[in-house]
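S.K.: Line by line, the protein sequences are chains A and B. For the first sequence, my numbering gives the first residue as 178, with consecutive numbering after it. For the second sequence, my numbering gives the first residue as 17, with consecutive numbering after it. The C-beta atom is built at its ideal place from N, Cα and C for all residues, glycine as well. Since this is a predicted model, take the numbers as computed values, not measurements. Structure provided below as structure tokens; questions to follow.
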Amino acid sequence: MGARAEGMTLPVGDISAPFTFLWDQWDSQVRDNVLQQFGYWGAAMAIASVIGLPVGVWLGHLHRGSFVAINTSNIGRALPTLGVLAVGIGVFGLTFLNIVFAFAVLAIPPILTNAYVGVDSVDPDAVEAAKGMGMRPREVLVRVELPLALPLIFAGLRTSALFVMATIPIAAIVGGKGLGEIINNQASFRLSGVIGAGILVIVLALGVNALLGVVQRLVTPRGLRLSGADARGDAPAATTVLPTTATPEQ
Amino acid sequence: MHAMLAAGGPVIPSFGKSSSCVQDNGAFCFDWIRDNWDSTFQPALISHLKLTVIAVGIGFVLALGLALLAHQRRWLITPLTLVFATVFTIPSLALFQVLVPISGLTVLTAEIALVGYTLSILFANIITGLREVPAEVRDAARGMGLSDRQILFRVELPIALPAVMAGLRIATVTVISLATIATVITVQSLGGPIFEGIQNDFKTKYVAAGLLTVVLALVADGLLVITQRRLTPWARARRA
Numbered sequence: 178m179g180a181r182a183e184g185m186t187l188p189v190g191d192i193s194a195p196f197t198f199l200w201d202q203w204d205s206q207v208r209d210n211v212l213q214q215f216g217y218w219g220a221a222m223a224i225a226s227v228i229g230l231p232v233g234v235w236l237g238h239l240h241r242g243s244f245v246a247i248n249t250s251n252i253g254r255a256l257p258t259l260g261v262l263a264v265g266i267g268v269f270g271l272t273f274l275n276i277v278f279a280f281a282v283l284a285i286p287p288i289l290t291n292a293y294v295g296v297d298s299v300d301p302d303a304v305e306a307a308k309g310m311g312m313r314p315r316e317v318l319v320r321v322e323l324p325l326a327l328p329l330i331f332a333g334l335r336t337s338a339l340f341v342m343a344t345i346p347i348a349a350i351v352g353g354k355g356l357g358e359i360i361n362n363q364a365s366f367r368l369s370g371v372i373g374a375g376i377l378v379i380v381l382a383l384g385v386n387a388l389l390g391v392v393q394r395l396v397t398p399r400g401l402r403l404s405g406a407d408a409r410g411d412a413p414a415a416t417t418v419l420p421t422t423a424t425p426e427q
Numbered sequence: 017m018h019a020m021l022a023a024g025g026p027v028i029p030s031f032g033k034s035s036s037c038v039q040d041n042g043a044f045c046f047d048w049i050r051d052n053w054d055s056t057f058q059p060a061l062i063s064h065l066k067l068t069v070i071a072v073g074i075g076f077v078l079a080l081g082l083a084l085l086a087h088q089r090r091w092l093i094t095p096l097t098l099v100f101a102t103v104f105t106i107p108s109l110a111l112f113q114v115l116v117p118i119s120g121l122t123v124l125t126a127e128i129a130l131v132g133y134t135l136s137i138l139f140a141n142i143i144t145g146l147r148e149v150p151a152e153v154r155d156a157a158r159g160m161g162l163s164d165r166q167i168l169f170r171v172e173l174p175i176a177l178p179a180v181m182a183g184l185r186i187a188t189v190t191v192i193s194l195a196t197i198a199t200v201i202t203v204q205s206l207g208g209p210i211f212e213g214i215q216n217d218f219k220t221k222y223v224a225a226g227l228l229t230v231v232l233a234l235v236a237d238g239l240l241v242i243t244q245r246r247l248t249p250w251a252r253a254r255r256a
């Protein structure tokens, strides 16, 4: 604590200092931290998607379990990250997977809720028409409901992606890696290092959000892409980076 | 081990009667938690609550004011949303430290950061709630002779209330989560025992404090749900 407090009084210095830090220390420090950051992020997003997407989509398809879907999400969203990390590390030990698990908990709620709301709120007329054309339930899901739910599904993925990337530095407090190693060690890296790593985290967070936006465009069927205005009207959150997509009705 | 404990925190741990659980560095030594509740956990919890209530309160007033302004001047919505969303992505660990040269190792610094994080959530939800009011409803109110101010307070805000409350819930649990990080600028919160416990490798201390943040967040969220139900009895009637 003492060392950290001493470093605190350092002046910010000139405005290029954070960028100079990133440039100078790229090979020795920053690159490893970025890769570790992506390691946590990728693993947490993978776990969260594998759990959140099927559950959300399936419950939405059945138009059932809104209570479960929404309340699971609400509880998950309420859990404080450092608290979950502290309990997880204390009880299960400091491992890659335990850190990843805490961020997966953080990532699941937006993914699950948006997948649920997205599929659940597909126009019933479209589903009826598909059934009338002789589609089986599985085909209705894959060929009608999922494509129409894509904007909200991606809104959830993008929110989680951004949120997890921006929160991973907290892992350094419990001894984890990633860019938090720089941000949590002002005594060694000075305020310029803290700011530089902080800016890098913001860039990475906005970057993965934007990247998923590109993926969303690529996987959206052409017919749906044309009605861009409609898609935007359905899912205003998809165009922003806000963590409040698909406000669930309690 | 004991010497390290004494050095770790501002509070004095109870020596002498340390149980085998504490000596084995157990993850949850209830006796130690009970013995140190008054000296360690209670002050941290109270400080944590104060930080949260002040941040959400100020954040709500600011967000409501700005949302009402943006509701009148629509062009403000996009720039404000972008600014707040960008602030929201700043890693908390960094933001607290970056503000220190400006406002020092103070509660004020912590509150500035925490309020900053609430704005994105609250502004988005209040604006969304206001925009979701159907135009017919607004027209009907105007047709009944209500003034703009009356429409806002009697029609638009009540209809926006569920979205506003949803925003308050998210903002509150977010601040409870982030207030733990204020410890890096020496501001007292439940993060204190977590940081100290981890620095001294004393599991019970950080597991208990971590659990307390979880419980605090769930209780706060639950209380806001109850408040929301009380404030919007019509929603229940419609569901039934």
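In the DSSP assignment, the alpha helix (DSSP H) including Met-310 (chain A) goes from what residue to what residue?
M.R.: To locate residue 310 (chain A), count along the first sequence from 1; it is residue 133. Element bounds for Met-310 (chain A): n/a, residue is neither H nor E.
S.K.: 8 angstroms is my cut-off, CB to CB: does Pro-328 (chain A) come that close to chain B?
M.R.: Here residue 328 (chain A) corresponds to residue number 151 of the first sequence, with the count starting at 1. With 8 angstroms as the cut-off, Pro-328 (chain A) does not count as an interface residue toward chain B.
S.K.: How many whole angstroms separate the CB atoms of Ile-142 (chain B) and Val-99 (chain B), which I take to be in contact at a CB cut-off of 8 angstroms?
M.R.: In the second sequence, the residue the question calls residue 142 (chain B) occupies position 126. In the second sequence, the residue the question calls residue 99 (chain B) occupies position 83. About 16 angstroms; that fails the 8 angstroms criterion.
S.K.: Go to Gln-204 (chain B), then tell me how far its alpha helix (DSSP H) extends in each direction, as first and last residue.
M.R.: Here residue 204 (chain B) corresponds to residue number 188 of the second sequence, with the count starting at 1. Note, Gln-204 (chain B): premise wrong, no alpha helix (DSSP H); not H, not E.
S.K.: Hey, quick one: how far does the alpha helix (DSSP H) through Trp-48 (chain B) stretch, first residue to last?
M.R.: Sequence index remark: in the second sequence, residue 48 (chain B) carries index 32 (1-based). It spans 46 to 51 - the alpha helix (DSSP H) in which Trp-48 (chain B) sits, taken as one unbroken run.
S.K.: Taking 8 angstroms as the CB-CB cut-off, is Gly-132 (chain B) touching chain A?
M.R.: Within the second sequence, numbered from 1, the residue matching residue 132 (chain B) stands at position 116. Gly-132 (chain B) does not count as touching chain A.
S.K.: Suppose you measure from the CA of Phe-218 (chain B) to the CA of Ser-193 (chain B); what does that come to, to the nearest Å?
M.R.: Locating residue 218 (chain B) in the second sequence gives position 202, counting from the first residue. Locating residue 193 (chain B) in the second sequence gives position 177, counting from the first residue. The straight-line gap from Cα to Cα measures roughly 21 angstroms.
S.K.: Is it buried or exposed for Val-371 (chain A), if we count other Cβ within 10 angstroms and need 16 for buried?
M.R.: Against the first sequence, residue 371 (chain A) aligns to sequence position 194. Buried: at least 16 other Cβ atoms inside 10 Å.
S.K.: Which whole-angstrom value is the C-beta distance of Thr-134 (chain B) and Ile-201 (chain B), which I expect to be below 8 angstroms?
M.R.: Reading the second sequence from its first residue, position 118 is the one you call residue 134 (chain B). Reading the second sequence from its first residue, position 185 is the one you call residue 201 (chain B). Not a contact, Cβ separation roughly 18 angstroms.
S.K.: For chain B, is any of its Cβ atoms less than 8 angstroms away from the one on Val-211 (chain A)?
M.R.: As a position in the first sequence, residue 211 (chain A) is number 34, starting the count at 1. For Val-211 (chain A), the answer is no, since every Cβ of chain B falls outside 8 angstroms of its Cβ.
S.K.: Measure the Cβ-Cβ separation of Gly-75 (chain B) and Val-131 (chain B) and say whether it is below 8 angstroms.
M.R.: Residue mapping note: residue 75 (chain B) aligns to position 59 of the second sequence, counting from 1. Residue mapping note: residue 131 (chain B) aligns to position 115 of the second sequence, counting from 1. Yes, they are a contact pair.
S.K.: Please determine, among A:Ser-298, A:Thr-336, A:Phe-331 and A:Arg-335, the residue with the shortest C-alpha to C-alpha distance to Val-321 (chain A).
M.R.: Taking the first sequence and counting its residues from 1, the one referred to as residue 321 (chain A) is at position 144. Among A:Ser-298, A:Thr-336, A:Phe-331 and A:Arg-335, the Cα nearest to that of Val-321 (chain A) belongs to A:Ser-298.
S.K.: Taking Cβ positions only, does Ala-71 (chain B) come closer than 8 angstroms to chain A?
M.R.: Within the second sequence, numbered from 1, the residue matching residue 71 (chain B) stands at position 55. By this cut-off, Ala-71 (chain B) is not an interface position.
S.K.: Answer with yes or no whether the minimum CB distance from Val-282 (chain A) to chain B is below 8 angstroms.
M.R.: Indexing the first sequence from 1 puts residue 282 (chain A) at position 105. Cβ-Cβ to chain B under 8 angstroms: no for Val-282 (chain A).
S.K.: Contact defined as beta carbons within less than 8 angstroms: I believe Thr-248 (chain B) pairs with Pro-178 (chain B). What is the distance between those atoms, to the nearest angstrom?
M.R.: Against the second sequence, residue 248 (chain B) aligns to sequence position 232. Against the second sequence, residue 178 (chain B) aligns to sequence position 162. That pair is a contact at about 6 angstroms.
S.K.: Leaving out five residues on either side along the sequence, give the residues of the same chain with a beta carbon under 6 angstroms from the beta carbon of Ala-194 (chain A).
M.R.: Along the first sequence, read from residue 1 onward, the residue named residue 194 (chain A) stands at position 17. If we look at Ala-194 (chain A) and ignore the five residues flanking it on each side, its Cβ neighbours are Ser-369.
S.K.: Using a threshold of 8 angstroms, state whether the C-beta atoms of Val-191 (chain B) and Val-103 (chain B) are closer than that.
M.R.: Position 175 of the second sequence, counting from 1, holds the residue named residue 191 (chain B). Position 87 of the second sequence, counting from 1, holds the residue named residue 103 (chain B). The answer is no: Cβ separation not under 8 angstroms.
S.K.: How is the alpha helix (DSSP H) around Arg-90 (chain B) delimited, first residue to last?
M.R.: Numbered from 1 along the second sequence, position 74 holds the residue referred to as residue 90 (chain B). Taken as a continuous stretch (DSSP letters only), Arg-90 (chain B) belongs to no alpha helix (DSSP H), as it is neither H nor E.
S.K.: Does any C-beta atom of chain B lie closer than 8 angstroms to the C-beta of Gly-253 (chain A)?
M.R.: Reading the first sequence from its first residue, position 76 is the one you call residue 253 (chain A). Gly-253 (chain A) does not count as touching chain B.
S.K.: Is the segment 205 to 219 of chain A close to the segment 372 to 379 of chain A, with three or more CB pairs under 8 angstroms?
M.R.: Enough Cβ pairs lie closer than 8 angstroms, so yes.
S.K.: Compute the beta-carbon to beta-carbon distance between Tyr-222 (chain B) and Ala-263 (chain A), rounded to the nearest angstrom, for a pair I have assumed lies under 8 angstroms.
M.R.: Residue 222 (chain B) sits at position 206 when you count from the first residue of the second sequence. Residue 263 (chain A) sits at position 86 when you count from the first residue of the first sequence. Confirmed, Cβ separation roughly 4 angstroms.
S.K.: If we count the other Cβ atoms within 10 Å of its Cβ and call it buried at 16 or more, is Asp-237 (chain B) buried or exposed?
M.R.: Here residue 237 (chain B) is taken as the residue at index 221 of the second sequence, counted from 1. Per the 10 Å Cβ criterion, buried.
S.K.: Buried or exposed: Val-319 (chain A), going by 16 or more other Cβ atoms within 10 Å of its Cβ?
M.R.: Taking the first sequence and counting its residues from 1, one reaches residue 319 (chain A) at position 142. Under this definition Val-319 (chain A) is an exposed residue.
S.K.: What are the residues of the segment 363 to 382 of chain A that lie near chain B, defined by any Cβ-Cβ distance shorter than 8 angstroms?
M.R.: Those would be Gln-363, Leu-368, Val-371, Ile-372, Ala-374, Gly-375, Val-378, Ile-379 and Ala-382, in chain order.
S.K.: Just mark Pro-314 (chain A) as buried or exposed, buried being the case when its beta carbon has 16 or more other beta carbons within 10 Å.
M.R.: Numbered from its first residue, the first sequence carries residue 314 (chain A) at position 137. Classification of Pro-314 (chain A): exposed, given that the 10 Å Cβ count is below 16.
S.K.: Span of the alpha helix (DSSP H) holding Val-396 (chain A)?
M.R.: Residue 396 (chain A) sits at position 219 when you count from the first residue of the first sequence. Val-396 (chain A) -> alpha helix (DSSP H) spans 363 to 396.
S.K.: Quick test of the definition: if touching needs 3 or more C-beta pairs under 8 angstroms, does the segment 196 to 210 of chain B touch the segment 150 to 167 of chain B?
M.R.: Not touching, per the Cβ criterion.
S.K.: List, in chain order, every chain B residue whose beta-carbon is nearer than 9 angstroms to that of Pro-346 (chain A).
M.R.: Your numbering for residue 346 (chain A) matches position 169 in the first sequence. The answer, in chain order, is Pro-107, Ser-108, Leu-109 and Ala-110.
S.K.: In this structure, how does DSSP classify His-240 (chain A) when only helix, strand and coil are distinguished?
M.R.: On the first sequence, position 63 is the one that residue 240 (chain A) refers to. Coil, per DSSP.
S.K.: Hey, Gln-64 (chain B) and Ala-195 (chain B): beta-carbon distance below 8 angstroms or not?
M.R.: For the purposes of this step, residue 64 (chain B) is taken as residue 48 along the second sequence, with counting starting at 1. For the purposes of this step, residue 195 (chain B) is taken as residue 179 along the second sequence, with counting starting at 1. Before going on, a small fix: residue 64 (chain B) reads as His here, not Gln. Yes.
S.K.: Take the Cβ of Thr-186 (chain A) as the centre, count every other Cβ of all protein chains shown within 10 Å, and call the residue buried at 16 or more, exposed below.
M.R.: As a working note, residue 186 (chain A) is residue 9 in the first sequence. Note on Thr-186 (chain A): pLDDT 43, under 50, position unreliable in the model; the coordinate value appears next. Answer is exposed; the Cβ neighbour count stays below 16.
S.K.: Keeping to the same chain, check which residues put their C-beta closer than 6 angstroms to that of Gly-390 (chain A); ignore five residues upstream and five downstream.
M.R.: For this step, residue 390 (chain A) is matched to residue 213 along the first sequence. Here the set comprises nothing.
S.K.: Please list the residues of the segment 188 to 206 of chain B that have a C-beta atom closer than 9 angstroms to any C-beta atom in chain A, keeping them in chain order.
M.R.: The segment 188 to 206 of chain B vs chain A, Cβ under 9 angstroms: Thr-188, Val-189, Thr-190, Ile-192, Ser-193, Leu-194, Ala-195, Thr-196, Ile-197, Thr-199, Val-200, Ile-201, Thr-202 and Leu-206.
S.K.: Taking only the alpha-carbon atoms, compute the straight-line gap between Leu-78 (chain B) and His-87 (chain B) and give it to the nearest angstrom.
M.R.: Within the second sequence, the letter at position 62 stands for residue 78 (chain B). Within the second sequence, the letter at position 71 stands for residue 87 (chain B). Each residue's Cα considered, the two are about 14 angstroms apart.
S.K.: Where does Asp-155 (chain B) sit, in a helix, a strand or coil, going by DSSP?
M.R.: Position 139 of the second sequence, counted from the first residue, corresponds to residue 155 (chain B). Here Asp-155 (chain B) sits in helix by DSSP.
S.K.: Could you compute how far the alpha carbon of Gly-145 (chain B) sits from the alpha carbon of Ile-175 (chain B)?
M.R.: Your numbering for residue 145 (chain B) matches position 129 in the second sequence. Your numbering for residue 175 (chain B) matches position 159 in the second sequence. The alpha-carbon atoms of Gly-145 (chain B) and Ile-175 (chain B) are separated by roughly 7 angstroms.
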